[in-house]
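Colleague:
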Amino acid sequence: MKSRTEKAALELLTKEDERYRLTRMGFIQDVSLESARLASKFPRADGETFSEWKTRCLSGYYRDRGFKTFCGSHAGGSEFKEAVLRLFRMCLKAVSATAERTLTDRYLAPDNDTVSYAMPDSLFEDIYSRSLAPRIPFESPSAMESACLGIAKERFPEEEKEIIRRMQDNERLYWEKFYIKLRPVTAAVCYQISGISGDSNTHDIWSDTCMSVNRAVVDRRLKEPVDAKAVISYSVGVLKNKNKELLRLKARTPADIDTLQYRLTEDDEEKYFNNPVTSPSNFPSQNADLSTYIDFTDKDSVQGYFIVILYNKEHPLHDGLIKGYEDKVERMFEHYIDGLSYEEIVARHYGIREGKEAARQCARLRQEIKRLKKSLWDRFNKMTEQYR
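For what it's worth, our numbering labels the leading residue of the sequence shown as 691, then goes sequentially.
1. Hey, how far is the Cα of P831 from the Cα of Y864?
2. What's the gap between the Cα of E844 and the Cα of Y924?
3. Please report the straight-line C-alpha distance between R856 and I895, rounded to a whole angstrom.
4. Where in the segment 859-939 do unbroken runs of the alpha helix (DSSP H), each at least 4 residues long, occur, reported from the N-terminal end onward?
5. If you draw a straight line from the alpha carbon of A842 to that of L702, how long is it in whole angstroms?
6. Just to confirm my understanding: we take A729, look at its own chain, exclude 5 residues before and 5 after, and list those with CB closer than 6 Å. What are they?
7. Pull up the distance between the alpha-carbon of H1025 and that of L929, whole angstroms please.
8. Which same chain residues, not among the five before or five after R910, have their C-beta less than 7 Å away from its C-beta?
9. With DSSP collapsed to three states, give me the class of M1073.
10. Helix, strand or coil for Q1051, going by three-state DSSP, please let me know.
11. So what's E696 in DSSP terms, helix, strand or just coil?
12. Closest to L798 by CA distance: which of W743, I1027, L777, P874 is it?
13. Could you tell me whether the Cβ atoms of E850 and T892 are closer together than 7 Å?
14. Report the rounded CA-to-CA distance for F1023 versus G756, giving the unit in angstroms.
15. Can you tell me where the alpha helix (DSSP H) with S836 in it begins and where it stops?
16. Assign E866 to one of two classes, buried (16 or more other C-beta atoms within 10 Å of its C-beta) or exposed (fewer than that).
17. In the structure shown, what three-state DSSP assignment does D946 receive?
18. Can you tell me whether DSSP reads L712 as helix, strand or coil?
19. Taking V670 as the reference, give the member of L712, E742, I718 with the closest Cα.
20. Buried or exposed for A847, going by 16 or more other Cβ atoms inside 10 Å?
21. Buried or exposed for V967, please, with buried defined as at least 16 other CB atoms from any protein chain shown within 10 angstroms of its CB.
22. Below 6 Å CB to CB, which residues in the same chain sit around F717 once its five sequence neighbours on both sides are set aside?
23. Check whether the segment 813-828 touches the segment 762-774, counting contact only when three or more Cβ pairs, one atom from each stretch, lie closer than 8 Å.
24. Decide yes or no for the touch test of the segment 1068-1075 against the segment 1010-1018: beta carbon pairs closer than 8 Å, at least 3 of them.
25. Helix, strand or coil for P824, going by three-state DSSP, please let me know.
26. Which residues in the same chain as E861 place their Cβ atom closer than 6 Å to its Cβ, once the five residues preceding and following it in sequence are excluded?
27. Identify, in the order they occur along the chain, each residue of the same chain with its Cβ nearer than 8 Å to the Cβ of D948, setting aside the five sequence neighbours on each side.
28. Over the uninterrupted alpha helix (DSSP H) stretch that includes V805, give me the two end residues.
29. Hey, would you say L912 sits closer than 7 Å to A918, going by beta carbons?
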């Protein structure tokens, strides 16, 4: 039977491993064996409080086990950096929880979320090389945590101009948060102008707007200097225009076209399309090895990655996804990305049509794009079978 010190040592080192990922970074191999070693070398003295023993034994343990040397030799390793990244994000979350909400967050972040304290992988790499690496090696994991917390307090919140610059560079993490921000805004504008409500009826307008705003910012179409207020203001403008267009099209569309009617309705069952909101916050979108960062048991994660490769032409899976559908995808992008109406696309590719014929052509184009969505989704699922 384990002694009181052995049980306390196992509990203590288990918590240390959970917090600092000691096993994952390769510092220890077996928590049980290491806890037995800790209890043997640093027994609790008579009259010593648990807090006093904890401080003494951990300090002695990490010194005896050579944590400082370990840090120095593993600082460039992926496992070590991954553990530091997780720890830094924990510190950043703690800092943001007590901070006043920034004006940038009010314009760009969903409620109860933040872009000012967000940290994509690219930003962490910069912080790691410039601020953390010079402080390595650390005496102990708690010293490493203190360093992360200090840098988080000094470095954040991120300046508004830097967030805008990263959005212009199409930094996925910031856009995902902003897309979530646009959902309730879309619902409010749609109800106010066109009278439609409910996710099933507003989804297409929301997804169209997400992609239109993304392209406008990434392609530098907004008047400089661009700030957070300009981005949300432009988005509201797009939403208003799309709702006004919807009202005009409803007024012009002949009432006898039932099966192919050109309208936004609940018959669009595949709500996953253009849902870029829910993919994980830390996967590298250029990496084709999906199994390392996509949770295929999480529907939102899978749908989010589908959007990443569909709209990112540089992604290694993009060409394979759209092969054979290039022309149809181009027309789809003309609508979703370039913001062209179905009538404008029909006129561009098939010539100007009028009256009922124009409405039929627009309706057929809409159905074509709807079928394309399903085909792309089916192909994506087949392409990723090997990773499931």
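For every residue, glycine included, the Cβ atom is placed at its ideal position computed from N, Cα and C.
Modeller: Quick answer:
1. Locating residue 831 in the sequence shown gives position 141, where the first residue counts as 1. Locating residue 864 in the sequence shown gives position 174, where the first residue counts as 1. Going by the C-alpha atoms only, they are around 30 Å apart.
2. Residue 844 sits at position 154 when you count from the first residue of the sequence shown. Residue 924 sits at position 234 when you count from the first residue of the sequence shown. A direct Cα-to-Cα measurement between E844 and Y924 gives close to 32 Å.
3. In the sequence shown, the residue the question calls residue 856 occupies position 166. In the sequence shown, the residue the question calls residue 895 occupies position 205. Rounded to the nearest angstrom, the two C-alpha atoms are 25 Å apart.
4. List check, alpha helix (DSSP H) in window: 862-883, 889-908.
5. Counting from one through the sequence shown, the residue named residue 842 turns up at place 152. Counting from one through the sequence shown, the residue named residue 702 turns up at place 12. Each residue's Cα considered, the two are about 26 Å apart.
6. Looking up residue 729 in the sequence shown gives position 39. Same-chain partners within the cutoff: T695, E696, A699.
7. By 1-based counting over the sequence shown, the position of residue 1025 is 335. By 1-based counting over the sequence shown, the position of residue 929 is 239. Distance between the alpha carbons of H1025 and L929 is about 14 Å.
8. Your numbering for residue 910 matches position 220 in the sequence shown. Only Q858 meet the Cβ criterion.
9. On the sequence shown, position 383 is the one that residue 1073 refers to. If DSSP states are grouped into helix, strand and coil, M1073 belongs with the helices.
10. Taking the first residue of the sequence shown as position 1, residue 1051 is located at position 361. Here Q1051 sits in helix by DSSP.
11. As a first step, residue 696 must be located in the sequence shown, where it is residue number 6. In this structure, E696 counts as helix in the three-state DSSP scheme.
12. For the purposes of this step, residue 798 is taken as residue 108 along the sequence shown, with counting starting at 1. The candidate whose alpha carbon is nearest that of L798 is P874.
13. Numbered from 1 along the sequence shown, position 160 holds the residue referred to as residue 850. Numbered from 1 along the sequence shown, position 202 holds the residue referred to as residue 892. No, the Cβ-Cβ distance between E850 and T892 is not below 7 Å.
14. On the sequence shown, position 333 is the one that residue 1023 refers to. On the sequence shown, position 66 is the one that residue 756 refers to. Here the C-alpha atom of F1023 lies approximately 56 Å from the C-alpha atom of G756.
15. For the purposes of this step, residue 836 is identified with residue 146 of the sequence shown, where counting begins at 1. That run of the alpha helix (DSSP H) goes 831-845.
16. In the sequence shown, the residue the question calls residue 866 occupies position 176. Burial state of E866 is buried, judged by a 10 Å Cβ sphere holding 16 or more other Cβ atoms.
17. Within the sequence shown, numbered from 1, the residue matching residue 946 stands at position 256. The predicted model places D946 with a pLDDT of 39, which falls under 50 and marks its position as unreliable, so this point remains unresolved.
18. Along the sequence shown, one-based indexing puts residue 712 at 22. L712: coil per DSSP, three-state reduction.
19. The requested residue 670 does not occur in the structure, where the chain is confined to residues 691 to 1078.
20. Numbered from its first residue, the sequence shown carries residue 847 at position 157. Reading off the sequence, residue 847 comes out as Pro, not Ala. Buried is the call here.
21. Within the sequence shown, residue 967 is the residue found at index 277, counting from 1. At V967 the pLDDT is 35, less than 50, meaning the model places this residue with poor confidence and gives no usable figure here.
22. Translated into the one-based positions of the sequence shown, residue 717 becomes position 27. Here the set comprises F760.
23. yes
24. yes
25. Position 134 of the sequence shown, counted from the first residue, corresponds to residue 824. Of the three classes helix, strand and coil, the one that applies to P824 here is helix, per DSSP.
26. Numbered from 1 along the sequence shown, position 171 holds the residue referred to as residue 861. Within the same chain, E861 has close Cβ partners P810.
27. Indexing the sequence shown from 1 puts residue 948 at position 258. Confidence at D948 is low in this model, with a pLDDT of 35, below 50, so its placement is unreliable and the value that follows should be read with caution. Hits under 8 Å: none found.
28. For the purposes of this step, residue 805 is taken as the residue at position 115 of the sequence shown. It is not in any alpha helix (DSSP H) - V805 carries neither H nor E in the DSSP assignment.
29. Residue mapping note: residue 912 aligns to position 222 of the sequence shown, counting from 1. Residue mapping note: residue 918 aligns to position 228 of the sequence shown, counting from 1. Taking 7 Å as the Cβ cut-off, L912 and A918 do not qualify as a contacting pair.
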